[in-house]
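For reference, the structure is listed below as structure tokens.
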Amino acid sequence: MTTTTTGASRGPLHAENGAGLELASQPVADGRLVARWLGSMRAAIAAGAGSRGGGSPAAGRFDAQDDEDPGAARIDLLRALEELKSVASALQASLAVDLEQAERDRQMHAGVPSRHRGRGVASQLGLARRESPHRAAALLGAAKVWLSEMPCMFDALSDGRLSEHRAMTLVQETACLEVEDRREVDRLMCADPGTLEGIGTRQLVAIARRHAARLDPAAVVKRARRAEGERCVTLRPAPDTMTYLTALLPMAQGVAALAALQRAADAATAAEGGDPRSRGQLMADTLVERITGQARASEVPVTVNLVMSDAALLAGGHEPAVVEGGGTAGGVVPAEVARALVAQGIDIDATWLRRLYADPAGQLVAMSSRGRFHPEQLADFLRLRDQGICRTPWCGAPIRQFDHVESATRNGPTSAENGQGLCVACNLAKEAPGWSAAAASARSEPVAGRTPAERLRAGPPAPLSRHTVETRTPTGHTYLSRAPHPPTPAFLPRSDPAVLDPAVLDPAVLDRESWTPVEAMFGSLTTDWRDAA
């Protein structure tokens with residue numbers, strides 16, 4: 001993909017002689033010029049790596065002058081590069097605001113209602129910056145504030161004295177203020193270059209809050225009350241197949257909830273016979289039991305879609321499983337842990353097995369059903385194939401809606417190939433003028449003269465693409481989105497010893513000499529996957 005960007009920075013970026021840089025005395029105004037400059041930097045780093053035979057590439061290329069301390073030179077370079085990041089952030093902010101205005105003008109001329117103008121801009125910015133649309137929308141909102149309401153802070157960002165993260169923090173801490181008060185905070189904190197020097201982020205936040213409370217105390221109180229309406233519960237992954245369940249609560253409620261869990265844990269420990277679990281374990285288990293209403297925390301009655309290969313489930317294979325919604329609920333699960341989850345579900349009579357059909361390369365193409373796909377079944381399949389995560393590149397939000405890749409208004413079929421799971425924001429963005437998408441998955445024909453069972457035993461042919469969607473934005477840029485890798489199905493030659501224990505199979509099934517034990521358990525998988533789809 002080639003990107004061409006136009007715009008202007010508030011100040012020029014200069015380069016010293018050497019290193020092949022081409023920005024000696026002109027502003028960064030053309031994306032191609034920036035690309036050439038970055039290419040020169042990469043070439044210099046690569047040359048340094050070659051001159052040292054590996055190791056630290058930067059240290060090899062950017063050597064100190066004869067009269068300069070090498071350590072000091074490296075520190076100076078680190079500081080300069082950090083300032084460069086801030087300058088680049090300022091330029092990105094300016095370009096983002098310009099892009100939004102241009103898109104609003106274009107959509108106005110296209111007859112888009114005023115309330116819908118600007119839709120899709122954050123998604124374009126996210127794709128360009130390799131960020132989620134949510135993050136891109138936050139960056140765009142901050143950029144508009146920097147340019148229109150906090151000019152001193154934008155100057156500090158452009159000069160490299162303030163990082164993008166700290167600049168966004170100041171926007172958040174002054175969001176409750178009127179424009180005049182916000183500009184006063186901006187002047188007090190950023191007009192003097194020395195004010196921010198040596199100030200940590202926590203101190204920065206404290207100073208901004210102090211100024212806000214002094215200038216408009218009523219707005220600060222109103223903001224605190226409004227925050228109660230933003231209470232919520234979220235889930236995010238933690239290491240080792242764990243998760244963080246987080247509740248954003250008013251202070252009094254949060255303190256009360258924690259105290260109740262502590263009392264319950266202390267009571268269990270003090271009871272006759274005690275409890276071998278630690279206080280933290282008791283509090284966590286009590287939380288789960290009280291929320292779900294179950295007698296024991298380990299008995300999870302709600303549906304958890306766990307996708308694992310037949311070999312991992314039944315033949316002791318080591319292929320990891322996947323929990324639907326990997327971005328929010330843990331994602332990849334070791335095979336042994338997945339088998340334990342399934343066994344635990346069987347113990348409480350809450351486990352259902354459902355076959356997912358794969359082509360010879362492992363791409364999911366169908367799901368077991370008594371008849372043709374119903375919309376609910378198609379949605380279930382898309383959710384499992386996309387592993388619960390929005391298909392827009394770099395988004396990572398949970399799937400909330402299922403939609404056609406190629407719009408139904410353009411005669412796009414309702415099928416797994418032409419379907420994808422998206423978050424609400426991405427699904428709305430692609431309805432804006434100028435957006436288009438198409439399924440671009442590669443296919444290969446089955447090998448002629450082989451039965452489905454023979455193809456299964458022969459193993460997968462050359463790798464095929466996973467389900468792929470090509471999205472084109474209003475600026476003509478294209479982005480590919482590939483479905484996540486599913487757990488690999490079993491392709492077992494007859495001589496492969498890693499097969500099921502015959503004791504777990506029906507003897508009548510084993511009498512069919514043409515089947516290996518894995519094929520006996522999953523006989524339907526030998527059906528041609530194209531027929532299954």
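Those letters in the sequence shown? Residues 1 to 533, by this note's numbering.
The C-beta atom is built at its ideal place from N, Cα and C for all residues, glycine as well.
Remember, predicted model here, so these are calculated numbers, not experimental data.
| Query | Result |
| --- | --- |
| Simplified DSSP state of M242, which is helix, strand or coil | strand |
| Residue(s) in a DSSP beta bridge with G293 | Bridge partners of G293: none, in fact. |
| Proximity winner among C152, G160, D159, relative to V171 (alpha-carbon distances) | C152 |
| Paired residues, beta bridge with Q401 - DSSP | L422 |
| Cβ separation of L428 and R74, assumed to be a contact under 8 Å, to the nearest whole Å | 47 Å between Cβ atoms; not a contact. |
| At least three beta-carbon pairs within less than 8 Å, the region 154-174 to the region 205-219 | yes |
| Buried or exposed by the 16-neighbour rule on C-beta atoms within 10 Å, applied to L140 | buried |
| Beta bridge counterpart(s) of A212 as assigned by DSSP | Paired residue(s): none; A212 is not in a bridge. |
| Straight-line Cα distance separating D386 from E319 | 18 Å |
| Distance, V121 Cα to A93 Cα | 13 Å |
| Other residues of its chain near V233: CB distance less than 8 Å, five sequence neighbours each side excluded | L245, T246, A247, L248 |
| Candidates P433, L287, A80, A143, of which the one nearest A265 by Cα | L287 |
| Through-space distance from E336 to D285, alpha-carbon basis | 22 Å |
| Contacts around A483, its chain only, beta-carbon distance under 7 Å, and the 5 residues preceding and following it disregarded | R385, D386, R466, H467 |
| Beta-bridge pairing of L261 - partner residues as DSSP gives them | DSSP lists no partner for L261. |
| Exposure label - M108; buried when at least 16 CB within 10 Å | exposed |
| Chain-order list of residues whose beta-carbon lies under 8 Å from that of G111 (same chain, five-residue window excluded) | none |
| Residue span of the beta strand (DSSP E) that contains L480, given as start and end | 478-482 |
| Three-state secondary structure assigned by DSSP to E164 | helix |
| Selected residue, minimal CA-CA separation from Q203, among M189, P193, D216 | M189 |
| With 16 other Cβ atoms within 10 Å as the buried cut-off, status of A102 | exposed |
| C-alpha distance - A219 paired with E184, whole-angstrom precision | 15 Å |
| Straight-line Cα distance separating A80 from P70 | 15 Å |
| Beta-carbon spacing of L434, T478 below 8 Å | For the sequence presented, residue 434 should be read as Gly rather than Leu. Their beta carbons are not under 8 Å apart, which means G434 does not touch T478 by this criterion. |
| Where the alpha helix (DSSP H) containing A90 begins and where it ends | 70-109 |
| Residue range of the alpha helix (DSSP H) that includes E184 | 179-190 |
| For A437, the first and last residue of its enclosing alpha helix (DSSP H) | Premise fails: A437 lies in the beta strand (DSSP E), 436-439, not in any alpha helix (DSSP H). |
| Within 8 Å, strictly: CB atoms of A397 and H165 | no |
| CB contact below 8 Å: R161 versus chain C | Absent from the structure: chain C. Only one protein chain is present. |
| Span of the beta strand (DSSP E) around V220 | No beta strand (DSSP E) holds V220; the alpha helix (DSSP H) holding it covers 217-227. |
| Proximity below 8 Å, CB of E406 to CB of A432 | no |
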